[in-house]
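*Asks:*
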Amino acid sequence: MQIEMPGSGRRIRPGKLICVGRNYAAHAAEMKSEIPKQPLLFLKPSTSLVGDGGSVVIPPMSSDVHHELELVLVIGQEARGVAEQDAMLYVEGYALGLDMTARDLQAEAKKGGKPWSVAKGFDTFAPIGRFVASAVIEDVGNITMQLQRNAAVVQSCTTRDMIFSPAHLVHYVSHIFTLEPGDLIFTGTPEGVGPVLPGDKLVATGDGLPTLNVEVVAAQT
Ligand code: MG
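In my numbering, the protein residues as written are 1422 to 1642.
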């Protein structure tokens, strides 16, 4: 898929998807994980993206796929080694996203000290809504977000509770990976993650952010 950049309106092919693990203390606690001293990063392939109105496909390899509601940043210009106070100048917009996770495969990977790429990277495992220009959002550090599963609220949070702020994340990531226009940063999920099943309707909402709707479906066999 292509993403429509919220500042310029240009449509571009998304670049890399950089995801942050355990960026809310209450989620780290529910996973019985320690709070990281620095951002915990992993990558998803761009082929895991699916847009608003799309479907999340449950892969046959997993029987425990979870939703993770996240604020997503889109990078607007190349950023390498940027200072934290300048970091948000490189962010062109924000969207709601879901970091879908095959929790059973992730648990196996954790046990074996293996990477999370498979548990996190299936096709359709990164739904994202439309982006809104960063200038429109008054304070990215004070956004209330919510995820409903079949009209019941399952996740609800404020971005105030992030351990590492969006500015810190862009700064930190830019010292490891050169950020390019169209790269996305998934900023971590709050508590309340849980399983999804075929037929589920997921609706993510957030202050000033376009609503994200996706449906969960079984894989075609
Ligand atoms: Mg996540």
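The C-beta atom is built at its ideal place from N, Cα and C for all residues, glycine as well.
1) Does the structure place the region 1495-1506 close enough to the region 1590-1602 that three or more beta carbon pairs sit under 8 Å?
2) With burial defined as no fewer than 16 other Cβ atoms inside 10 Å of the residue's Cβ, what is the status of glutamate 1455: buried or exposed?
3) Using DSSP's beta-bridge definition, name the partner residues of histidine 1504.
4) What is the DSSP secondary structure of leucine 1618, reduced to helix, strand or coil?
5) Going by C-alpha to C-alpha distance, which of Phe1546, Ala1639, Leu1630, Ala1554 sits closest to glutamate 1489?
6) Sorted by chain position, which residues of the same chain lie with C-beta nearer than 8 Å to methionine 1426's C-beta, five sequence neighbours on each side aside?
7) Run the CB neighbour count on glutamine 1527, radius 10 Å, all protein chains shown included, and call it buried at 16 or more, exposed below.
8) Between methionine 1509 and leucine 1590, what straight-line distance do the alpha-carbon atoms span, to the nearest angstrom?
9) In terms of residues, what are the limits of the beta strand (DSSP E) holding tyrosine 1445?
10) Quick one: give me the first and last residue of the beta strand (DSSP E) that glutamate 1491 is part of.
11) Label valine 1557 either buried or exposed according to how many other C-beta atoms from any shown protein chain fall within 10 Å of its C-beta, with 16 as the threshold for buried.
12) According to DSSP, which residues form a beta bridge with glutamate 1601?
13) In the DSSP assignment, what are the bridge partners of asparagine 1634?
14) What number of angstroms, rounded off, separates the C-alpha of histidine 1448 from the C-alpha of glutamine 1567?
15) State buried or exposed for glutamine 1646, treating a residue as buried only when at least 16 other CB atoms are found within 10 Å of its CB.
16) Between the region 1474-1491 and the region 1615-1623, do at least 3 Cβ pairs fall closer than 8 Å?
17) Just verifying my parser: in three-state terms, what is the DSSP assignment at histidine 1589?
18) Do phenylalanine 1543 and the ligand MG come close, with the Cβ less than 7 Å from some heavy atom?
19) Under the three-state reduction of DSSP, which class applies to threonine 1522: helix, strand or coil?
*Replies:* Considering the structure as presented:
1) With the cut-off at 8 Å, the region 1590-1602 and the region 1495-1506 touch.
2) Mapped onto the sequence shown, residue 1455 falls at position 34. Classification for glutamate 1455: exposed.
3) Counting from 1 along the sequence shown, the entry for residue 1504 is found at position 83. The question names histidine, yet the displayed sequence has alanine at residue 1504. Paired residues: none, contrary to the question.
4) Counting from one through the sequence shown, the residue named residue 1618 turns up at place 197. Annotated three-state conformation of leucine 1618 is coil, per DSSP.
5) Counted from its first residue, the sequence shown places residue 1489 at position 68. Selection Phe1546, Ala1639, Leu1630, Ala1554 evaluated against glutamate 1489 yields Phe1546 as nearest (Cα-Cα).
6) Translated into the one-based positions of the sequence shown, residue 1426 becomes position 5. Arg1432, Ile1433, Val1495, Gly1497, Glu1513, Gly1514, Phe1552, Pro1602, Gly1603.
7) As a first step, residue 1527 must be located in the sequence shown, where it is residue number 106. Answer is buried; the Cβ neighbour count reaches 16.
8) Against the sequence shown, residue 1509 aligns to sequence position 88. Against the sequence shown, residue 1590 aligns to sequence position 169. One C-alpha to the other measures close to 10 Å.
9) Residue numbering aside, residue 1445 sits at position 24 when the sequence shown is read from its first letter. Counting along the chain, tyrosine 1445 falls outside any beta strand (DSSP E), and DSSP gives it neither H nor E.
10) Mapped onto the sequence shown, residue 1491 falls at position 70. Following the DSSP letters along the chain, one finds glutamate 1491 inside the beta strand (DSSP E) bounded by residues 1490-1496.
11) Position 136 of the sequence shown holds residue 1557. Counting the other CB atoms within 10 Å of its CB gives valine 1557 a total below 16, which places it among the exposed residues.
12) Counting from one through the sequence shown, the residue named residue 1601 turns up at place 180. Glutamate 1601 pairs with nothing; no bridge assigned.
13) The residue you call residue 1634 lines up with position 213 of the sequence shown. The partner list for asparagine 1634 (beta bridge, DSSP) reads Val1624.
14) Along the sequence shown, one-based indexing puts residue 1448 at 27. Along the sequence shown, one-based indexing puts residue 1567 at 146. Straight-line spacing of the CA atoms in histidine 1448 and glutamine 1567 works out to 15 Å.
15) Past the boundaries of the shown model lies residue 1646; the chain is included only from 1422 to 1642, so the question cannot be answered.
16) Contact annotation: the region 1474-1491 touches the region 1615-1623, with at least three C-beta pairs closer than 8 Å.
17) Translated into the one-based positions of the sequence shown, residue 1589 becomes position 168. Residue state, collapsed to three classes: helix.
18) In the sequence shown, counting from the first residue as 1, residue 1543 sits at position 122. Not so, every heavy atom of the ligand MG lies at least 7 Å from the Cβ.
19) Taking the first residue of the sequence shown as position 1, residue 1522 is located at position 101. Note: threonine 1522 maps to strand in three-state DSSP.
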